[in-house]
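In short: position in the sequence shown from 1, add 1359, done, that's the numbering used here.
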Amino acid sequence: MATPANVYSYRSTCVRRAFVGLITACLFLAAGQARAEQATVAVAANFTGTMTKLISLFEQQTGHQVQASYGSTGKLYAQIRHGAPYDVFLAADAERPRLLAEHSVAVAGSQFPYAEGRLVLWSRNPDLFRDGLQYLQGEPERLAIGNPKTAPYGIAAIEVLENLGLADSLKPKLVSGDSIAQTFQFVATGNAHAGFVAQAQVRAWKGNKDSAWLVPKTLHQPLSQHAILLNRGANNAAAQAWLEFLKGAKAQAIIREDGYDTP
């Protein structure tokens, strides 16, 4: 039978061990929180839905946080050149990330392709067309495209019309959105009968039926979307981790599922 002294010693030992365990756990938790950082990412508007999915998975896996700001590639580029506080840029083209590195606003050598977009002629009206080419040749009343000055998907749309020999005849019918997101809204709300949008946007559409024509790649230059680490994020662990995550198999699988080709 244990003596009172032995019982007291045993209890004291248990209390000390529990206390040490609690302190150790708190230290590990504090250390993890200290390492966790937040990255601010400028993201091309076509990538909005996919970005939301990727952020959720990234934050679960790493403990880091990502704050995304969406817009047309051209406008985001201008904001970055004027000092907007972004750590990473996910553009819808390769040219603007290259220019940022050239102007020493981004980290040289950090640029890489994360997705290749697909252009779709889309309408929420299921009876509008079965063949997109025939529809375009019939000179639609209003056709939405992204602004070619700011949206790479808008440039691709113009290239399609030029290669089909329809650019001049359809020019008066064009309705231009500042970003591909606004272009999609023009069509979704009926302000334009159809429009050139990103395949990822069409896949995310909640409507039951629609008309859609996947534009052949041969009709426009590749929509190669590139990421780059900006100078502000050079020492940000979350920004660096985000870019590595974006290259990974899980992220690339999500990107493909959402309607993009991957490098």
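Quick reminder that beta carbons are idealized off the backbone N, C-alpha and C, glycines included.
Nothing here was measured: the structure is a model prediction, and the numbers come from that model.
With distances taken between CA atoms, Gly1513 lies nearest to Ser1535 out of Arg1501, Thr1407, Glu1500 and Ser1535. DSSP, reduced to helix, strand and coil, places Ser1538 outside both helices and strands of the structure shown, so it counts as coil. In the structure shown, the three-state DSSP call for Gln1584 is strand.
Asn1595 sits buried, since 16 or more C-beta atoms from the chains shown fall within 10 Å of its C-beta. When DSSP states are grouped into helix, strand and coil, Asp1527 belongs to the helix group. Distance from the CA atom of Gly1476 to the CA atom of Val1556, rounded to whole angstroms, is 10 Å. When the five nearest sequence neighbours on each side are left out, the beta carbons in the same chain lying within less than 6 Å of the beta carbon of Ala1465 are those of Leu1459, Ile1587 and Leu1589, in order along the chain. For Thr1399, the uninterrupted beta strand (DSSP E) run begins and ends at Gln1397 to Ala1403, by DSSP.
Straight-line measurement puts the Cα of Pro1575 at about 22 Å from the Cα of Ala1450.
Residue environment analysis places Arg1483 among the buried positions, since at least 16 neighbouring C-beta atoms fall within 10 angstroms of its C-beta. One Cα belongs to Ala1503, the other to Gly1497, and the distance between them is close to 16 Å. The count of Cβ pairs closer than 8 Å, one atom from the stretch 1401-1413 and one from the stretch 1425-1432, reaches three, so the stretches are in contact. Here Val1425 carries a strand assignment [DSSP, helix/strand/coil]. Assignment of Leu1449 by DSSP, reduced to helix, strand and coil, places it in the strand class. One Cα belongs to Ala1571, the other to Pro1472, and the distance between them is close to 26 Å. Assignment of beta-bridge partners to Ala1557 by DSSP yields Leu1478.
Nearest Cα to Ala1443 within the set Thr1399, Ala1404 and Phe1406: Thr1399.
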